[in-house]
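J.: Here the sequence shown stands for residues 28 to 451, numbered as in the working numbering.
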Amino acid sequence: MTGWRRSSFSRPFQSGAIRAVCTAVVGASLLVGCGVLPGGSGGSREPVTVMTWAPIGTNATNQPGMPAMAKAYARWVNANGGIDGHTLRVLTCDENNDTAGAADCARRAVKENAVAVVGSYSQHGREFMAPLEAASIPYLGGYGLTEEEFTSFLSYPVNGGQATLLAGNGRQLARECGRTTLVRPDTITGDDLPGLLNSGLGQGGRGPAGDVRAAEDATDYTPQAEQARASAGDGGCVTAVLGDRTETFFDSYRRVPEDGRDIRVSSVLGSVGQPLIDSTGGKTGPFEGAYLTGWYPVATDPAWNAMRNVIDKYAFGDNDIDPADPGPQTTWIAYTALKAVIESINDDTITAGKIADALNRGVKVNTDGLTPPLRWRYEDMLGAPGFPRIVNRDVTFQVVREGRLIAQRKDFVDVGQTLGNTTP
Numbered sequence: 028m029t030g031w032r033r034s035s036f037s038r039p040f041q042s043g044a045i046r047a048v049c050t051a052v053v054g055a056s057l058l059v060g061c062g063v064l065p066g067g068s069g070g071s072r073e074p075v076t077v078m079t080w081a082p083i084g085t086n087a088t089n090q091p092g093m094p095a096m097a098k099a100y101a102r103w104v105n106a107n108g109g110i111d112g113h114t115l116r117v118l119t120c121d122e123n124n125d126t127a128g129a130a131d132c133a134r135r136a137v138k139e140n141a142v143a144v145v146g147s148y149s150q151h152g153r154e155f156m157a158p159l160e161a162a163s164i165p166y167l168g169g170y171g172l173t174e175e176e177f178t179s180f181l182s183y184p185v186n187g188g189q190a191t192l193l194a195g196n197g198r199q200l201a202r203e204c205g206r207t208t209l210v211r212p213d214t215i216t217g218d219d220l221p222g223l224l225n226s227g228l229g230q231g232g233r234g235p236a237g238d239v240r241a242a243e244d245a246t247d248y249t250p251q252a253e254q255a256r257a258s259a260g261d262g263g264c265v266t267a268v269l270g271d272r273t274e275t276f277f278d279s280y281r282r283v284p285e286d287g288r289d290i291r292v293s294s295v296l297g298s299v300g301q302p303l304i305d306s307t308g309g310k311t312g313p314f315e316g317a318y319l320t321g322w323y324p325v326a327t328d329p330a331w332n333a334m335r336n337v338i339d340k341y342a343f344g345d346n347d348i349d350p351a352d353p354g355p356q357t358t359w360i361a362y363t364a365l366k367a368v369i370e371s372i373n374d375d376t377i378t379a380g381k382i383a384d385a386l387n388r389g390v391k392v393n394t395d396g397l398t399p400p401l402r403w404r405y406e407d408m409l410g411a412p413g414f415p416r417i418v419n420r421d422v423t424f425q426v427v428r429e430g431r432l433i434a435q436r437k438d439f440v441d442v443g444q445t446l447g448n449t450t451p
């Protein structure tokens with residue numbers, strides 16, 4: 028795959044003007060310094076400051092729904108007494124999808140005394156992990172795009188990242204496709220994808236995929252679409268993993284003249300989702316019959332009801348949050364983990380060190396079926412070369428039928444062994 032005190036009062040406010048100011052402050056910044064939280068502990072516990080970052084408004088992949096989900100989560104928990112009596116203060120940062128932006132966000136997290144970076148997206152792991160490691164700030168529940176997210180001693184992933192998606196996509200396509208062609212970004216991150224896909228294909232008895240490189244910010248992919256179709260052959264599959272530009276690729280792909288061959292299309296969740304399927308024609312569009320690999324259950328699964336309720340009540344109509352997008356879904360799961368960690372600490376003051384210690388000691392996070400139970404002890408980690416800190420090695424297989432994204436199989440698929448067989 029893709030920036031982070033306390034006042035207490037002994038009696039209710041007497042001034043309507045002060046109440047109005049406090050209401051404005053709470054709505055704007057998620058800080059509570061003008062009174063006690065509804066149902067809270069009376070301000071006896073220190074606020075907890077965290078950060079969520081993601082690229083917004085760039086020419087490549089954007090994830091505005093992740094910071095928006097973090098803000099909605101904070102409004103929800105703060106309206107219900109905070110987390111174990113702590114007000115949750117969420118800072119957000121646009122990392123601009125570049126190295127300088129990622130480093131700037133990390134440095135801001137340090138400056139603002141954030142105790143964790145939670146549910147974030149960036150392709151620039153080296154740039155953001157170095158400042159966090161220097162300040163001992165945990166990185167909890169990143170989107171899973173970079174090597175550092177699965178190697179740094181301060182990273183605690185909630186999914187298996189792009190690694191499990193590509194390995195799982197290979198497993199899924201090996202059952203359905205005679206030959207597979209991968210269209211992927213011509214970037215350092217993109218260079219890792221063919222080996223991962225091929226590990227899944229190989230486990231299913233298939234040969235390596237054709238590798239078609241594409242610019243991450245192109246506005247037309249006709250040459251790559253033609254190359255992919257030629258490589259896939261009759262009875263084959265074309266899988267594209269280009270983030271936000273996946274839609275652009277498949278728009279170019281459907282304009283390539285048909286030649287009578289039966290070629291299926293595929294991708295991973297995050298590159299293709301239900302909104303894109305709907306906007307391109309639903310059951311009459313190019314994604315009918317497409318195979319998709321995801322980390323989590325389909326968006327219509329009842330396990331997502333709690334997240335949907337929070338979005339409905341606390342996102343204030345923010346259209347950036349798509350509950351079917353794995354970005355906001357990952358942020359929701361990451362904050363679920365943060366809540367469990369803070370509750371396990373049970374202290375008036377929460378620090379970055381206490382959070383890291385609780386995670387290392389094996390606090391168990393139940394996500395109500397969205398993932399397997401999560402723990403980050405040494406014995407819980409996969410330990411595969413390149414991905415030692417993966418603790419959730421499960422993916423889901425999904426398919427588009429009658430224009431709707433549904434589960435191809437109901438259970439999770441463990442790709443841990445597949446990742447162990449990955450070669451560069």
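Beta carbons: idealized from backbone N, C-alpha and C, even for Gly.
(1) Could you tell me the alpha carbon to alpha carbon distance between residue 431 and residue 163, rounded to whole angstroms?
(2) Taking just the CA atoms, how far does residue 261 sit from residue 132?
(3) I believe residue 115 touches residue 109 by the beta-carbon criterion, under 8 Å. Please report the beta-carbon distance rounded to the nearest angstrom.
(4) Quick one: what's residue 433 bridged to in DSSP?
(5) Between which two residues does the alpha helix (DSSP H) containing residue 353 stretch?
(6) Have a look at residue 53 and residue 101 and give me their C-alpha separation to the nearest angstrom.
(7) Distance check for residue 77 and residue 359, CA to CA, integer angstroms please.
(8) Return helix, strand or coil for residue 266, following the three-state DSSP convention.
(9) Should residue 303 and residue 274 be called a contact, given that it needs their Cβ atoms to be closer than 9 Å?
(10) Would residue 315 and residue 243 qualify as a contact pair, given that the criterion is a beta-carbon distance under 9 Å?
(11) When we look at the beta-carbon of residue 161 and count the other beta-carbons within 10 Å, is it buried (16 or more) or exposed?
(12) Check whether the segment 144-155 and the segment 328-339 are in contact - that is, three or more C-beta pairs closer than 8 Å.
(13) Ends of the alpha helix (DSSP H) at residue 339?
(14) Answer yes or no: do residue 22 and residue 184 have a C-beta to C-beta separation smaller than 9 Å?
(15) Does residue 173 have its Cβ less than 9 Å from a Cβ in chain D?
(16) From 443, 231, 122 and 325, pick the residue whose C-alpha is nearest to that of residue 85; which is it?
(17) When the Cα of residue 19 is compared with those of 219, 251 and 197, which residue comes out closest?
(18) Which of the three DSSP states is assigned to residue 377 in this structure?
(19) CB residue 220 to CB residue 189, shorter than 9 Å?
(20) Is the separation between the beta-carbon of residue 291 and that of residue 263 shorter than 9 Å?
(21) Could you pull out every residue in the same chain whose Cβ sits closer than 6 Å to the Cβ of residue 192, ignoring the five residues on either side in sequence?
(22) With distances taken between CB atoms, is the gap from residue 251 to residue 227 smaller than 9 Å?
(23) Got a sec? Which residues, its chain only, sit under 6 Å from residue 233 by beta carbon, not counting five neighbours each side?
(24) Considering just the uninterrupted stretch of the beta strand (DSSP E) at residue 80, what are its terminal residues?
(25) Please confirm whether residue 177 and residue 353 have their CB atoms less than 9 Å apart.
(26) According to DSSP, simplified to helix, strand and coil, what is residue 125?
T.: Taking the coordinates as given:
(1) 44 Å
(2) 47 Å
(3) 6 Å
(4) 426
(5) 353-372
(6) In this prediction, residue 53 scores a pLDDT of 41, lower than 50, which makes its location untrustworthy; the coordinate-derived value is nonetheless stated afterwards. Looking at the two C-alpha atoms, the distance is approximately 11 Å.
(7) 14 Å
(8) strand
(9) yes
(10) no
(11) exposed
(12) no
(13) 332-341
(14) Since the first residue shown for the chain is 28 and the last is 451, residue 22 is missing from the structure and cannot be characterised.
(15) Included in the structure is just one protein chain, with no chain D present.
(16) 122
(17) Lying before the first or after the last residue shown, residue 19 is absent from the chain, which here runs from 28 to 451.
(18) coil
(19) yes
(20) yes
(21) 295 and 320
(22) no
(23) 201
(24) 75-81
(25) no
(26) coil
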